[in-house]
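Residue 260 in this note's numbering is what sits at position 259 of the sequence shown, and the numbering runs on without skipping anything.
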Amino acid sequence: MSGTETFTFSGRDGTAVTAYRWLPHDREEVRGIVQLTHGMGEHALRYVALAAALTGRGFAVYAQDHRGHGATAGGPEGYGVLGDDGWDQLVADIGVLSAQAREEQPGVPLVLLGHSMGSFAVQQYLVADAPPPDAVVLSGTAVLDLMEQGLDLSVPMDLSSFNAPFEQRTGYEWLSRDTAQVDAYVGDARCGFGIDLPGTRAMFERARPLADAATLRRIPGGLPVHVVVGDEDPVNGGLALVRPLTERYAAAGMHDVTLRIWPGARHEVFNETNRDEIVAELLTWLDRVVPDTRSH
């Protein structure tokens, strides 16, 4: 693939959002766009390896550092700070970047791939008054209305409790069985924080309507959605918080929804010990929903 290209775009409120693009070597033969939407307490440059796999199959890859994250945060003092309207703006930023990606790569399908917090933002984006993507991948995901029942929303979101079932070598063993990946996360000063109280509350409050089939029927019934999770990911509560997601989509009339559960995998499936296998299966799914019509 090409090297990492960094650029900025303006959110609806004028905030400068740092973003990245990775293009196939043959820039004239882009088959589709994959827009990555990263999780809480991390940043988009953690997805370079996944971007390389995607560009190798002809996809242009775009990703933003969310508000309060990565380069968009402006430094450590900004990590996790979304502010009063920050969560809604973060969700809206997905559409702003999608529009730019479509303008730069006209006439090809766009796939939204959201991980963890990014998947929650994508879930909410899909029912907003915004142009829909052509396909969706949700990893490390769950339904927030059921998760909320076990949380205290009077305090900011904290990630540390997720490690309770695991060894306590670093406190982040819940992310992956691959200790090198965990160590890289721990050693990255741009990782390891939660989000502020306004962001936490808004993220959960905006998710409550997603339990309603009438709300979900705003999503096109034919939209392909692929949900990929590990069965040892504490975010999905022993799968009890992810099965309702696909069941709700099906009940709302969506007929191309798949749930892939990887045995033994933890939260970051694309950084797992068997990540090559997981990415290969993702590429196979993409081949089905975004057929390669390029001339060769």
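For glycine and all other residues, C-beta sits at the position ideal for the given N, C-alpha and C.
{"Item": "From E174, I220 and R267, residue whose alpha carbon lies closest to that of D130", "Value": "I220"}
{"Item": "Cutoff 8 Å; reference P133; Cβ partners in own chain excluding five residues on either side", "Value": "L127, I220, P221 and L224"}
{"Item": "Nearest-angstrom beta carbon gap, G69 and L83 [assumed within contact, 8 Å]", "Value": "5 Å"}
{"Item": "Cβ neighbours of A61 in the same chain (closer than 6 Å, five flanking residues each side left out)", "Value": "L24, V31, I34 and Q106"}
{"Item": "Sequence-distant residues of its chain with Cβ nearer than 7 Å to V258 (five each side left out)", "Value": "V226, T247, Y250 and A251"}
{"Item": "Distance CB(E233)-CB(A266) smaller than 8 Å", "Value": "yes"}
{"Item": "Sub-8 Å separation of S208 and D146 beta-carbons", "Value": "With the sequence shown as reference, residue 208 is identified as Ala, and Ser is not the correct amino acid for it. Yes, the pair counts as a contact, with Cβ atoms nearer than the cut-off."}
{"Item": "Contact test: V35 Cβ vs the ligand MG heavy atom, cutoff 7 Å", "Value": "This structure lacks the ligand MG; in fact it carries no ligand of any kind."}
{"Item": "Beta-bridge pairing of V228 - partner residues as DSSP gives them", "Value": "L139 and L260"}
{"Item": "Classification of S177 by the beta-carbon crowding that lies within 10 angstroms, buried from 16 upward", "Value": "buried"}
{"Item": "According to DSSP, residues forming a beta bridge with G115", "Value": "T38 and L139"}
{"Item": "Minimum length 4: unbroken alpha helix (DSSP H) runs contained in the region 47-104", "Value": "49-56"}
{"Item": "Unbroken beta strand (DSSP E) run spanning V18, endpoints", "Value": "A17 to W23"}
{"Item": "Pairwise C-alpha distance: G115 and L260", "Value": "15 Å"}
{"Item": "Segment contact, 8 Å Cβ cut-off, at least three pairs: the region 162-182 with the region 273-282", "Value": "yes"}
{"Item": "Sequence-distant residues of its chain with Cβ nearer than 6 Å to H26 (five each side left out)", "Value": "none"}
{"Item": "Top-ranked residue by Cα proximity to G239, from W175, I196 and V183", "Value": "W175"}
{"Item": "Cβ shell of R1 (< 6 Å), same chain only, five flanking positions each side left out", "Value": "Limits of the chain in this structure are 2 at one end and 297 at the other, which puts residue 1 out of reach."}
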